[in-house]
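Protein chains in written order, with the numbering used here: chain P, 651 to 790; chain W, 651 to 790. Don't be surprised by glycine CBs; every beta carbon is placed ideally from N, CA and C.
Protein chains: 2
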Amino acid sequence: MDALFLVWLVARSTEDLLDSALAPSGLTGDEYAIYSVLSAAPTITPTELARWLAAPATTVSSYVKRFEARGHVTREPNPDDRRSYRIRLTPKGRRAHRAAGALFAPLRTEVAERLGSRAEDALEVLLRLRTVVDGIRAGA
Amino acid sequence: MDALFLVWLVARSTEDLLDSALAPSGLTGDEYAIYSVLSAAPTITPTELARWLAAPATTVSSYVKRFEARGHVTREPNPDDRRSYRIRLTPKGRRAHRAAGALFAPLRTEVAERLGSRAEDALEVLLRLRTVVDGIRAGA
DNA sequence: CCCACATGGTGCGATCTCGCAGTACATCTG
DNA sequence: CAGATGTACTGCGAGATCGCACCATGTGGG
Numbered sequence: 651m652d653a654l655f656l657v658w659l660v661a662r663s664t665e666d667l668l669d670s671a672l673a674p675s676g677l678t679g680d681e682y683a684i685y686s687v688l689s690a691a692p693t694i695t696p697t698e699l700a701r702w703l704a705a706p707a708t709t710v711s712s713y714v715k716r717f718e719a720r721g722h723v724t725r726e727p728n729p730d731d732r733r734s735y736r737i738r739l740t741p742k743g744r745r746a747h748r749a750a751g752a753l754f755a756p757l758r759t760e761v762a763e764r765l766g767s768r769a770e771d772a773l774e775v776l777l778r779l780r781t782v783v784d785g786i787r788a789g790a
Numbered sequence: 651m652d653a654l655f656l657v658w659l660v661a662r663s664t665e666d667l668l669d670s671a672l673a674p675s676g677l678t679g680d681e682y683a684i685y686s687v688l689s690a691a692p693t694i695t696p697t698e699l700a701r702w703l704a705a706p707a708t709t710v711s712s713y714v715k716r717f718e719a720r721g722h723v724t725r726e727p728n729p730d731d732r733r734s735y736r737i738r739l740t741p742k743g744r745r746a747h748r749a750a751g752a753l754f755a756p757l758r759t760e761v762a763e764r765l766g767s768r769a770e771d772a773l774e775v776l777l778r779l780r781t782v783v784d785g786i787r788a789g790a
């Protein structure tokens, strides 16, 4: 068994679980995660967001357009760079995120319970994995 | 920090890393993983494959069509159920998988090295996560 | 100060993903 | 051994992802 392959399997299962659980909120698992990133920072540029998501710029561009059309996000001018802009979750966007969060919470709890004493390990391992993979991605 | 969210972040990074690394082989990260599942079992039905991938039947159907068009996969009648069929990797498909595997190997090694002593933990945690998530998905 | 080159974003189009609805076969019930 | 109900798969179409080519702006060298 290989760690990267397992990451992939776990991710598929997780994605499916979240998509089902969050469906009533109107957000997909991916979208919930993205909204979570957005709500963690008051404001963020597309490039920064792309780095967090490890997604291509074009995809992020589509996200912003979609979320903006929903009224969940606004663009503000970026004082530091006129080519760019800053993305901000609107109150409506925050509400959507909270609503999805309410559906997400029970899963979070359930997973923590089932992990039992290994919950701590799991967090540490995952953080380390992200560091390792990003390190390799960054070029060495 | 939440385990499920971290799973998602790690998966995005991993996917990006694999897509870049495997590009010369003509397979994406997803496809490499699927070919890996296919090569682990001599033969598999679409429904079984869908369970492994935690993917909807329709998506698996598209996969099979695509891989078949590449000559990487064949369909054989399923003696147990005439609605179904069995998917088998062709020699050409195996070759493609091996070629991608050659590009994958260095990453595997690199990740293992960087994880160091935690490599064992990582595997265990990931396996446990898959069990936990699948358990919840299965309904309780 | 200008120019060459690097970087931030987007329109467009090819390709994927996946829900819905439909068909074919299997299985269960009486 | 029907008839009803469930399960395996697929055509189709809507929406999502993302590479390529492109424009606008920033930056570093001479």
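So for residue i, helix, strand or coil by DSSP?
{"i": "P:ARG745", "result": "helix"}
{"i": "P:LEU739", "result": "strand"}
{"i": "P:ARG720", "result": "coil"}
{"i": "P:PRO706", "result": "coil"}
{"i": "W:PRO692", "result": "coil"}
{"i": "W:PRO674", "result": "helix"}
{"i": "P:ARG732", "result": "coil"}
Please confirm whether residue i has its beta-carbon closer than 8 Å to some beta-carbon of chain P.
{"i": "W:GLY785", "result": "yes"}
{"i": "W:ALA750", "result": "no"}
{"i": "W:VAL723", "result": "no"}
{"i": "W:VAL710", "result": "no"}
{"i": "W:ALA690", "result": "no"}
{"i": "W:ARG701", "result": "no"}
{"i": "W:ARG744", "result": "no"}
{"i": "W:LEU765", "result": "yes"}
{"i": "W:ARG768", "result": "yes"}
{"i": "W:LEU757", "result": "yes"}
Classify residue i: buried if its beta carbon has 16 or more other beta carbons within 10 angstroms, exposed otherwise.
{"i": "P:ARG701", "result": "exposed"}
{"i": "W:ARG662", "result": "buried"}
{"i": "P:GLU681", "result": "buried"}
{"i": "P:ARG736", "result": "buried"}
{"i": "P:ALA707", "result": "exposed"}
{"i": "W:GLU665", "result": "buried"}
{"i": "W:ARG732", "result": "exposed"}
{"i": "P:ARG592", "result": "For residue 592 of chain P there is no data in the structure shown, the boundaries of chain P being 651 and 790."}
{"i": "P:ALA772", "result": "buried"}
{"i": "P:ALA719", "result": "exposed"}
Identify the contact partners of residue i in chain W, using a Cβ-Cβ distance below 7 Å as the criterion.
{"i": "P:VAL714", "result": "Near P:VAL714 there are no residues of chain W at all, since even the closest Cβ is about 17 Å away, more than 7 Å."}
{"i": "P:ALA772", "result": "ALA653, VAL775, LEU779"}
{"i": "P:LEU659", "result": "ARG780"}
Which chain P residues are close to residue i, counting only those with a beta carbon under 9 Å from its beta carbon?
{"i": "W:GLU681", "result": "Those within 9 Å of W:GLU681 in chain P number zero; the least Cβ separation is about 11 Å."}
{"i": "W:LEU667", "result": "LEU654, ALA704, VAL783, ASP784, ILE786, ARG787"}
List, in chain order, every chain P residue whose beta-carbon is nearer than 8 Å to that of residue i.
{"i": "W:ALA663", "result": "Ala is not the amino acid found at residue 663 of chain W; the sequence shown has Ser there. Those within 8 Å of W:SER663 in chain P are ALA704, ARG780, VAL783, ASP784, ARG787."}
{"i": "W:LEU777", "result": "MET651, LEU656"}
Taking 8 Å as the threshold (beta carbon to beta carbon), is residue i in contact with chain W?
{"i": "P:GLU760", "result": "yes"}
{"i": "P:ALA653", "result": "yes"}
{"i": "P:LEU753", "result": "no"}
{"i": "P:ARG736", "result": "no"}
{"i": "P:LEU739", "result": "no"}
If I'm right that residue i touches residue j with Cβ under 8 Å, what's the distance once you round it to whole angstroms?
{"i": "P:THR740", "j": "P:GLY721", "result": "6 Å"}
{"i": "P:ALA750", "j": "P:SER675", "result": "4 Å"}
{"i": "W:ILE786", "j": "P:LEU667", "result": "6 Å"}
{"i": "P:VAL660", "j": "W:VAL783", "result": "7 Å"}
{"i": "W:PHE655", "j": "P:SER734", "result": "Not really, about 26 Å apart at Cβ, beyond 8 Å."}
{"i": "P:LEU765", "j": "W:ARG778", "result": "7 Å"}
List the residues of chain W whose Cβ lies closer than 8 Å to the Cβ of residue i, in chain order.
{"i": "P:SER686", "result": "PHE655"}
Cβ-heavy atom distance between residue i and the ligand SAM below 7 Å?
{"i": "P:LYS715", "result": "In the structure shown, the ligand SAM is absent, as is every other ligand, since no ligand is present at all."}
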